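Data block below; observations after.
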Amino acid sequence: MKISLAENLRTYLDEKEIKELFVSLKKENKHAVLLNPNKMDDNTFISLFPNVNPHPIVKHAFLYDKNEYDLGKSIYHLLGCYYLQEPSAMVPAYLLNCNENDTVLDLCAAPGGKSIQSSFNMKNKGLIISNDLSKQRAFAIVENAERLGLGNLVITNNDFSLIHEFYANAFTKIILDAPCSGSGMFRKSQEVKDDWTYEKVLKCAEIQKTLILCAYNMLKPGGTMCYSTCSFSSDEDEDIVEYLLNNTDAELVKTDENPLFFVNKKKPYGIHLFPSVFPGEGHYICLIKKPGELSSKTVERKSYKFGDFLFEGADFNYKKLNVLRLGVKVGEVSKDVIKYDYHYAHYLNHFENEIELDKELTFKYLNGDTLNLPCKKGFVLLKYQGISLDIGKSDGSRIKNRIPSRIRNLNKVTF
Ligand SMILES: C[S@@+](CC[C@H](N)C(=O)[O-])C[C@H]1O[C@@H](n2cnc3c(N)ncnc32)[C@H](O)[C@@H]1O
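The opening residue of the sequence shown carries number 5 in the working numbering; numbering runs sequentially from there.
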């Protein structure tokens with residue numbers, strides 16, 4: 005017999021709650037933006053985009069109307085001043101609250117929202133292994149890390165179920181944003197809505213059980229894990245947490261009460277964000293602790309050389325990992341001279357030789373043009389409104405264009 009989503013939700017919601025949820029699913033989806041504190045503060049953002057509203061929970065985040073502001077096309081997006089994310093997806097990393105001494109694993113990370121938010125919180129320090137099983141999707145994290153100038157992400161493409169024993173008790177925090185049936189995506193994707201079946205829920209639940217046990221094994225004693233999905237089905241939410249509690253010594257961490265959070269009274273482990281209550285698409289979030297005393301120490305940074313390329317990132321044992329990007333890509337070393345990379349330019353706020361470009365010159369540079377601009381010889385950090393754009397090379401009177409061809413998308417950028 006076919007089970008509908010409404011029937012599935014009757015396990016923990018009453019008829020009124022289900023009706024309200026279904027009414028909300030017919031409304032428009034919500035959009036939010038998370039500011040990159042290394043590049044833009046709240047007041048500057050509000051002066052540029054005045055008609056935004058603060059996110060109800062997350063600091064330095066705002067809800068906005070996509071019809072009014074196309075933030076994805078703005079020059080400030082290209083400069084890495086913010087990350088666009090739906091509002092409920094920002095709550096898990098906010099509650100986990102990673103800090104600069106943390107060694108974090110984000111197990112199912114692509115396109116990187118929760119890693120990015122944690123990186124901002126960690127002030128670009130510590131370590132975040134930002135992993136995804138899909139190589140193609142993991143490369144989307146690399147693109148985001150370059151644009152946002154992140155230096156503490158190590159982006160990997162691994163199946164941790166095969167290597168988790170090697171990293172047992174290795175991480176102070178773990179983010180497990182599990183692949184799920186996606187009922188919290190219905191307003192964003194008709195395809196996900198059409199594809200939903202209860203069989204898919206059960207199939208995802210089996211994968212989630214494997215992932216949560218393997219993630220818990222990698223958590224340090226005293227460490228905290230955040231389990232989340234964008235599914236409304238308790239089979240993928242409370243039941244997975246219950247499975248962990250029944251099979252390990254895991255303990256629940258209580259989340260502060262908030263009228264925007266919904267708690268399943270039969271299984272009050274975590275919180276649901278429903279679009280009928282919270283201005284977002286929907287998420288389930290549960291914080292879990294491994295008993296013990298946490299022993300965290302400062303994460304040191306060091307240089308790594310792969311072939312001719314120089315990287316700088318956290319000192320860690322990456323032996324078993326298929327690393328796509330280790331920290332920040334500093335550049336290519338050739339005959340003892342380093343050709344700085346676009347990633348490094350966005351990572352830096354200052355450089356020994358830097359120059360401010362006006363709107364016209366920024367426009368030209370993004371177009372791939374050489375700039376006829378007198379400047380000290382050598383590599384020069386180019387900035388627009390004080391925000392790093394790229395590292396060009398000056399011969400004293402002209403600045404050679406070094407912008408990667410994929411960034412030359414002027415038609416798409418608005419000033
Ligand atoms: C819900 S999405 C993650 C969204 C992401 N956390 C964010 O905030 O941007 C789930 C991801 O899990 C990945 N995935 C599926 N199975 C996996 C596995 N066994 N190990 C790691 N990643 C997996 C998928 O490729 C997908 O990118």
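Backbone N, C-alpha and C define an ideal beta-carbon position, used for all residues, glycine too. For clarity, every value in this text was computed on a predicted model and none was experimentally measured.
Asked, Found
"Cysteine 102 CB to nearest heavy atom of ligand 1 below 7 Å", "no"
"Pick from Asp163, Asn161, Ile133 and Gln194 that is closest to valine 174, judged by C-alpha positions", "This sequence places alanine at residue 174; valine is not what is there. Answer by Cα proximity: Ile133."
"Contact the region 361–380 vs the region 402–410: 3+ CB pairs below 8 Å", "yes"
"Buried or exposed (CB count within 10 angstroms, at least 16 for buried), glycine 335", "buried"
"Whole runs of the alpha helix (DSSP H) within the region 206–261, excluding any shorter than 4 residues", "242–251"
"Run of the beta strand (DSSP E) containing lysine 177, from where it starts to where it stops", "175–181"
"For histidine 35, the nearest candidate out of Ile120, Asn42, Asp74 and Glu19 (CA to CA)", "Asp74"
"Unbroken beta strand (DSSP E) run spanning alanine 142, endpoints", "Element bounds for alanine 142: not the beta strand (DSSP E) but the alpha helix (DSSP H), 139–152."
"Three-state secondary structure assigned by DSSP to arginine 329", "strand"
"Cβ-based neighbour list, asparagine 101, same chain, cut-off 8 Å, excluding 5 preceding and 5 following", "Asn125"
"Exposure of histidine 59, with buried meaning 16 or more beta-carbon neighbours within 10 Å", "buried"
"Test: glutamate 169 CB closer than 8 Å to a CB of chain C", "Of the chains in the structure shown, none is chain C; there is only one protein chain."
"Residue nearest to leucine 393 in terms of C-alpha spacing, selected from Lys380, Tyr344 and Lys381", "Tyr344"
"Buried or exposed (CB count within 10 angstroms, at least 16 for buried), phenylalanine 170", "exposed"
"Distance cut-off 7 Å: arginine 191 Cβ against heavy atoms of ligand 1", "no"
"Unbroken alpha helix (DSSP H) run spanning glutamine 89, endpoints", "Run containing glutamine 89: none in the alpha helix (DSSP H); it sits in the beta strand (DSSP E), 86–89."
"Local Cβ density within 10 Å of leucine 166, reported as buried at 16 or more and exposed below that", "exposed"
"For aspartate 110, the residue or residues it bridges with in DSSP", "Ser134 and Ile179"
"Segment contact, 8 Å Cβ cut-off, at least three pairs: the region 298–307 with the region 219–237", "yes"
"Sub-8 Å separation of glycine 286 and phenylalanine 236 beta-carbons", "yes"
"Neighbourhood of alanine 349 by C-beta distance below 6 Å, restricted to the same chain and skipping five residues each side", "Ser392, Asp394 and Ile395"
"Whole beta strand (DSSP E) elements within the region 264–291, 3-residue minimum", "275–277"
"Contact set for cysteine 208: own chain, Cβ-Cβ below 6 Å, skip 5 residues either direction", "Cys184, Ser185 and Glu240"
"CB of threonine 418 within 8 Å of CB of isoleucine 50, strictly", "no"
"The region 257–267 touching the region 187–206, judged by at least three CB pairs closer than 8 Å", "no"
"Reference isoleucine 289, options Arg305, Thr302 and Asn268, closest by Cα", "Asn268"
"heavy atom of ligand 1 below 7 Å from aspartate 136 C-beta", "yes"
"Collapsed DSSP secondary structure at alanine 65 in the structure displayed", "strand"
"Close Cβ partners of cysteine 85 (< 8 Å) along its chain, the five nearest in sequence each way excluded", "Leu39, Asn40, Lys43, Met44, Phe49 and Ile391"
"Nearest-angstrom Cβ-Cβ length linking serine 238 and threonine 15, presumed shorter than 8 Å", "5 Å"
"Check: leucine 111 C-beta below 7 Å from any heavy atom of ligand 1", "yes"
"Whole-number beta carbon distance between leucine 248 and isoleucine 292, since they are thought to touch under 8 Å", "7 Å"
"Contact set for aspartate 69: own chain, Cβ-Cβ below 8 Å, skip 5 residues either direction", "His35 and Asn55"
"Range covered by the beta strand (DSSP E) that runs through isoleucine 159", "157–160"
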